[in-house]
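Residue numbers (the numbering used here): 119 to 195.
If you want it as C-alpha cells, here you go:
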C-alpha cells in the first residue's frame, strides 16, 4: 500500500489496520510532506480479512491522533 503525507503540517500519516481482527503494526509515512511511502504487511494468506483507516500522528513518539482518523474500510486479501 502507499501511505502519503500531502501537507507540511508537522504531522505524519499512518495506516492503522487489523488483520482477521488482530491489530497489525502501524504503517507510517516517514519521508516528509508531499511524498508517499510503500508499506506492506507481507504475503497475506488468501481470504485474510483487513480493516484499515488512515490517521495523523507523531512518528517520533508513536502517537496516533485518533480524532483525525478517516472512516474504517474493509477488504479481503
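For every residue, glycine included, the Cβ atom is placed at its ideal position computed from N, Cα and C. Note that the coordinates shown come from a computational prediction; the quantities given were computed from them, not determined experimentally.
Count the other C-beta atoms from every protein chain shown that fall within 10 angstroms of the C-beta of residue i, then say buried if there are 16 or more, exposed otherwise.
i: residue 140; result: exposed
When you compare only the Cα positions, how much space is there between residue i and residue j?
i: residue 183; j: residue 133; result: 12 Å
i: residue 185; j: residue 176; result: 13 Å
i: residue 190; j: residue 170; result: 6 Å
i: residue 146; j: residue 152; result: 14 Å
i: residue 157; j: residue 144; result: 10 Å
i: residue 155; j: residue 148; result: 7 Å
i: residue 173; j: residue 124; result: 13 Å
i: residue 160; j: residue 180; result: 21 Å
For my contact list, residue i and residue j are in at a C-beta cut-off of 8 Å; report their separation, rounded to the angstrom.
i: residue 168; j: residue 193; result: 5 Å
i: residue 121; j: residue 131; result: 5 Å
Determine the extent of the beta strand (DSSP E) in which residue i is found, giving its start and end residues.
i: residue 191; result: 191–194
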